[in-house]
Amino acid sequence: MKRSKRAFWLFVLPSLIIYVLFMLLPLVASLGLSFFEWSGYGAKKFVWFRNYVKLFTEAPNNVRLGNALKNNLYFFIITMVIQNLLALMLAIFLQRGFRGFKALRTIFFAPSTVSVIIVGFLWTLIYNPIWGPLNNILGAIGLDKLQMAWLGSKTTALTAIAVANAWQYTGIPMMLFVAGLNSIPNELYEACSVDGGSEWHKFRYVTIPSLKSVLLIVATMTFVGNFSSFEIIYAMEGTLAGPNYATDVLGTLFYRTTFGARTGSPPDMGLGATIATVMSVLIGVGVLFWLRLYVKEDSSEGK
-13 MKRSKRAFWL FVLPSLIIYV LFMLLPLVAS LGLSFFEWSG YGAKKFVWFR
37 NYVKLFTEAP NNVRLGNALK NNLYFFIITM VIQNLLALML AIFLQRGFRG
87 FKALRTIFFA PSTVSVIIVG FLWTLIYNPI WGPLNNILGA IGLDKLQMAW
137 LGSKTTALTA IAVANAWQYT GIPMMLFVAG LNSIPNELYE ACSVDGGSEW
187 HKFRYVTIPS LKSVLLIVAT MTFVGNFSSF EIIYAMEGTL AGPNYATDVL
237 GTLFYRTTFG ARTGSPPDMG LGATIATVMS VLIGVGVLFW LRLYVKEDSS
287 EGK
């Protein structure tokens, strides 16, 4: 018994120490800093909830917060639909086990291992309105009316970035779906065929119900990833999250507020920490929501 406990802590303790040092302590420090007024140098001034009042009730902070929240939600929905639907389709395609499917699986997963900065640069080139391949292809097939400055228009910029983000990370939910599909007994599909079920019926009444737990895990990962997003937008639109803050999310708002980057305003560490705290609370509430659905689904499957 003692040996098993030692072995348990031997494996758990390193990860626990890393989590506490690099996740939990910075989170607590950020929460504490949100009650101070501080520019990053000089003395801190304790202001109680003044930063929260500034963020939620005073312009332009409240307007920019609302805009960032709206953009984050839109970014999440677009990524949720495009990324995870494509991942499920690819997983079903790969599950057929044809020759070379392992190589294709590696190719589909490969973008998730590439630096976000590189992906952002690549898609910025693709979206280039003058010599980018996207507009050139549209022109070549007679769809000139659809040619536009994808990253320069308020109506398309965030969607364009969401597509790039989905392209990079589709491989991760795809692998989870592949694992989930491999765990479904063939007898269920055979029984559906015996009952006269079509391929659609198999998908609707066998595949989807069997993948509910995986779908909830994927939804949780997508939510956390999108509400903590920063790098892809920074790489493609810069600190100001243009055009005219059309791609501004909580991550870029936090960065710009904390460091005063390219805004002409001095750094505001206290208000930045307040935004970070709001982000943490939103992500925590979202994770609890998805986990509650997962536990509920898991318990219903066990009955």
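Its first residue numbered -13, the sequence shown is counted upward by one per residue in this note's numbering.
Positions of the beta carbon are idealized from the N, C-alpha and C atoms, including for glycine.
Check	Outcome
Given 8 Å, three or more beta-carbon pairs between the stretch 195 to 215 and the stretch 154 to 174	yes
Alpha-carbon spacing of Phe216 relative to Leu236, whole angstroms	8 Å
Residue of Ile63, Tyr155, Leu55, Gly106 minimising C-alpha distance to Gly224	Gly106
Spatial neighbours of Tyr113 in its chain, beta-carbon cut-off 7 Å, leaving aside the 5 residues before and after	Leu120, Trp136, Leu137, Ala146
Per-residue burial, Phe21 [other beta carbons within 10 Å of its own, 16 or more giving buried]	buried
Other residues of its chain near Gly118: CB distance less than 7 Å, five sequence neighbours each side excluded	Leu111, Ile112
Cβ neighbours of Leu72 in the same chain (closer than 6 Å, five flanking residues each side left out)	Thr156
Ser16 classed as buried or exposed, judged by whether at least 16 other C-beta atoms fall within 10 angstroms	buried
Cutoff 7 Å; reference Gly128; Cβ partners in own chain excluding five residues on either side	none
Simplified DSSP state of Glu176, which is helix, strand or coil	helix
Validate contact between the stretch 29 to 45 and the stretch 250 to 262 using beta carbons, cut 8 Å, 3 pairs	yes
Rounded Cβ spacing between Val149 and Ile93 (contact assumed at less than 8 Å)	Not confirmed; about 19 Å, so no contact.
Distance CB(Thr233)-CB(Ile219) smaller than 7 Å	yes
Closest Cα partner of Gly166 within the set Ile194, Ser179, Cys178, Asn151	Ile194
Host alpha helix (DSSP H) of Glu185 (start-end)	185 to 188
As assigned by DSSP and simplified to three states, the class of Lys30	coil
Residue nearest to Ser98 in terms of C-alpha spacing, selected from Thr238, Leu226, Val267, Gly211	Gly211
Beta-bridge partners of Phe22, as assigned by DSSP	Phe32
DSSP-derived helix/strand/coil call for Asp254	coil
Contact check, Leu76 vs Phe87, beta carbons under 7 Å	no
Range covered by the alpha helix (DSSP H) that runs through Met347	Here the chain has residues from -13 to 289 only, and residue 347 is not among them.
Range covered by the alpha helix (DSSP H) that runs through Asn230	Per DSSP, Asn230 belongs to no alpha helix (DSSP H) and is neither H nor E.
Buried/exposed call for Pro24, threshold 16 Cβ in 10 Å	Note on residue identity: the sequence assigns Trp, not Pro, to residue 24. The residue in question, Trp24, is buried, as its Cβ has 16 or more Cβ neighbours within 10 Å.
Neighbour-count burial assignment, Ala143, 16 or more Cβ in a 10 Å radius	buried
Pairwise C-alpha distance: Leu19 and Lys31	10 Å
Contact check, Ile261 vs Phe240, beta carbons under 7 Å	yes
For Gln133, three-class secondary structure by DSSP	coil
Cβ shell of Ile170 (< 6 Å), same chain only, five flanking positions each side left out	Ser196
Distance, Lys(-9) Cα to Ala221 Cα	46 Å
Secondary structure of Thr99, DSSP reduced to three states	helix
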